Amino acid sequence: MKSKNHFKQRLDTCSKAREITSQACFEALKYVYTASEKISELQFKNYWLKEIEVWGEVTKGLGWYDPPPDGIAVLFGSKERPERINYPTLRPRKYWPNPKIYFDSKGLGYVFASLYKFLEGIPIIGDFGFTYYLGRNERIIDHFKKGRELTDRICDLVSIGMTYNKLYTSTIQLLNKYDMENNVYSTTDRNWTNLGHSIPFINRSPTENEHESFLSGNKNLVNKTISLARIFINKSENFTIESNSAFTIEPRLTSNKDKLLPMCSFHTIVQFVQGKKIVLTNFRKIFNLLNMDWLN
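In the UniProt record's numbering, the protein residues as written are 1 to 296.
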């Protein structure tokens, strides 16, 4: 029987990994704002990784969602090129950080990192990501506000004892009320689309084969093992949310009424720690920096 402390250590590790990733993203964005030269997607990704290394707790290159390389996505859009962030999946090379696409101080974008921390030889993920908009178009601002509110409402729905498929179907009803849809295409979910997924190894220990993959030192094998250990929040999964558990809520929201509006997404982790719900966003500091306090 697992102790309460066992669960809490893993949940705390998930929180810490996400906190480190978000703080490093904040520092990278400060760098972009003060840089005298143009900063490309690839430069931003590398600077983000450099800031993560400063912490010494999440090792460079340990991003399980790979490709994109190192498990990090950076998509910079502009007024002229907003479609850059309307990606179906981050896997294709054309959506990897590009050395010839540059940050636009009045544009929009999407950043995501899937780094993890090891706890007693077990990788615990703390994914972090969000869309941003730096312009003044009120239609886009209202769309982002609506998307943020909807994501919060989805998190409000979550309760212990709820199954993943019930959460998914309840979310579809919310999406309809908001005239939005979830534009997620997953190459690893047999249902092809989902709302998010479990944080692996929170409420179960790795199997013998999974342990062997972690001990192998083979990054690709570790990444694949983490990926396969996820349980997706989709229309058919009846996994039940427990009193010590964690999962992502990460719809990619598009408008049903106005197809010209960009996708917006606010990756969130919901944890239950000894029955208490904790919602991890880690956005406030970054949104204040980006003058996007209208989303806080």
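Glycine included, C-beta positions come from ideal geometry on N, C-alpha and C. All figures in this text were calculated on a predicted structure; none of them were measured in a lab.
Boundaries for Ser114: no alpha helix (DSSP H) harbours it, and the DSSP string shows neither H nor E there. Under the 8 Å Cβ criterion, the segment 231-241 does not count as touching the segment 253-263, having fewer than three qualifying pairs.
According to the DSSP assignment, Ser255 belongs to the beta strand (DSSP E) that extends over Leu253 to Ser255.
Sorting Glu27, Ala73 and Pro69 by C-alpha distance to the C-alpha of Trp55 places Glu27 at the top. Rounded to whole angstroms, Ile199 and Ser114 show a C-alpha spacing of 11 Å. The three-state reading of DSSP puts Asn282 in coil, since its state is none of H, G, I, E or B. In this structure, the alpha-carbon of Phe112 lies about 7 Å from that of Asp127.
In this structure, the beta-carbon distance from Leu75 to Tyr95 falls below 8 Å. By the criterion of a C-beta distance shorter than 6 Å, Leu90 is surrounded in its chain by Pro68 and Ala73, once the five residues flanking it on both sides are discounted. Under DSSP, Gln173 forms no beta bridge with any residue. Rounded to whole angstroms, Phe214 and Gln9 show a C-alpha spacing of 19 Å. Distance from Ile202 to Leu11 at the Cβ level is roughly 6 Å; contact confirmed, criterion being Cβ atoms closer than 8 Å. Counting of Cβ neighbours within 10 angstroms places Lys117 among the buried residues, the total reaching 16 or more.
If you look at Val222, you'll find it in the alpha helix (DSSP H) that goes Lys219 to Ala229. When only Cα atoms are considered, Ile154 and Gly107 end up about 27 Å apart.
Residue environment: Asp66 is assigned as buried (16 or more neighbouring CB atoms within 10 Å of its CB, all protein chains considered).
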